[in-house]
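S.K.: Residue numbers (the working numbering): 24 to 269. We put the beta carbon where it would ideally sit given N, CA and C, even for glycine. Treat the numbers as computed from the prediction; the structure is a model and nothing was measured.
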Amino acid sequence: VSIPSTRSELVKQLALYDLLDPLIKAQAEANYISEYQLTGDQACISDGQAIQFLKDQYKFKSDEHFSAWRESHKLITEQELYDYAHRSFKKDAVLLDLLDGSGESLFLRYKDRLDRVLYSLIRVESEDLAYALYYAIESGEKEFGDAATEYSVGPESKTQGIIGPVDLTTPHPEIAARLRTATPRQLFSPFQADQWNAVVRLDYRFDSKYDENTKRFLGSLVLSAKAQEYAKSLRDSYLPIEQENQ
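#1: Within 10 angstroms of its Cβ, does Ile-74 collect 16 or more other Cβ (buried), or is it exposed?
#2: Could you pull the start and end residues of the beta strand (DSSP E) that Gly-187 belongs to?
#3: Contact defined as beta carbons within less than 8 Å: I believe Leu-246 pairs with Leu-131. What is the distance between those atoms, to the nearest angstrom?
#4: Just verifying my parser: in three-state terms, what is the DSSP assignment at Ser-111?
#5: In angstroms, rounded to a whole number, what distance separates the CA positions of Ala-250 and Ala-53?
#6: Using 10 angstroms around the beta-carbon of Arg-201, count the other beta-carbons present and answer buried if the total reaches 16, otherwise exposed.
#7: Taking only the alpha-carbon atoms, compute the straight-line gap between Gly-126 and Lys-238 and give it to the nearest angstrom.
#8: My understanding is that Ile-185 touches Ser-143, with C-beta atoms under 8 Å, so please give their C-beta distance in whole angstroms.
#9: How big is the Cα-Cα spacing for Ile-83 and Leu-262?
#10: So what does Val-222 bridge to, in DSSP terms?
#11: Assign Ser-175 to buried or exposed, taking buried as 16 or more other Cβ atoms, counted over all protein chains shown, within 10 Å of its Cβ.
#12: Bridge partners for Leu-210 per DSSP, in chain order?
#13: Looking at C-beta atoms only, is the number of pairs between the segment 86–105 and the segment 154–162 that lie closer than 8 Å three or more?
#14: Can you give me the C-alpha to C-alpha distance between Leu-37 and Arg-208, rounded to a whole angstrom?
#15: For the alpha helix (DSSP H) holding Asp-234, just list the boundary residues, first then last.
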């Protein structure tokens with residue numbers, strides 16, 4: 024693949040490899056952040072504090088690791104490094120500030136995407152077989168993993184029935200509905216999931232917490248929504264380049 028020599032060719036390459044939308048999203052969010060007004064300690068920090076925040080964020084293992092990262096990001100001068108560090112600090116502050124007053128309600132709304140479950144699954148065509156396996160597992164006559172390996176028709180047969188950890192938006196809705204309120208090691212009697220008769224057991228639940236990492240994730244969702252107008256304007260500035268060459 025040849026290296027693009029013009030802006031138009033570069034845009035075409037970005038679009039071809041599905042990289043244009045992520046670029047527009049990142050630029051739109053950067054524009055929104057640059058115009059966002061912070062107050063108090065968040066609004067002004069020293070260069071040293073910004074660099075320390077950057078190092079804490081990336082958890083560099085050594086000065087050499089930091090230097091290699093800096094080189095890969097083309098932060099050649101000290102001023103370029105300071106500017107990047109200040110932007111990173113401000114972005115983090117904005118993500119947290121955007122949640123003011125709405126963070127906990129957003130947390131509850133997106134909890135299915137934040138929680139993780141590890142579960143075991145058997146899928147068979149016959150309802151009678153599903154019940155026979157369920158009773159054998161429940162009584163201890165048969166191990167769940169052995170039954171899944173021998174009888175399950177899906178790819179879980181290759182992992183002894185184990186799936187995950189995954190968020191609760193990933194499984195079939197009928198499976199997710201049971202896992203959402205299940206306790207670890209709870210075994211569910213057979214039920215219909217599409218054309219299959221399924222037996223499910225929750226093995227482990229990784230409950231999300233409303234901590235700093237979760238706040239940043241939720242803040243990033245709000246930021247993405249807030250930056251939509253910037254994204255539309257940026258897209259309009261890119262697309263005519265393509266249209267002129269058609």
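M.R.: So, to answer that:
#1: buried
#2: 185–189
#3: Their Cβ separation, rounded to whole angstroms, is 19 Å, which puts Leu-246 and Leu-131 out of contact at 8 Å.
#4: helix
#5: Their backbone Cα atoms lie some 9 Å apart in a straight line.
#6: buried
#7: 7 Å
#8: 6 Å
#9: It should be noted that the sequence gives Phe, not Ile, for residue 83. Each residue's Cα considered, the two are about 39 Å apart.
#10: Ile-145
#11: buried
#12: Answer is Arg-224.
#13: no
#14: 47 Å
#15: Element bounds for Asp-234: n/a, residue is neither H nor E.
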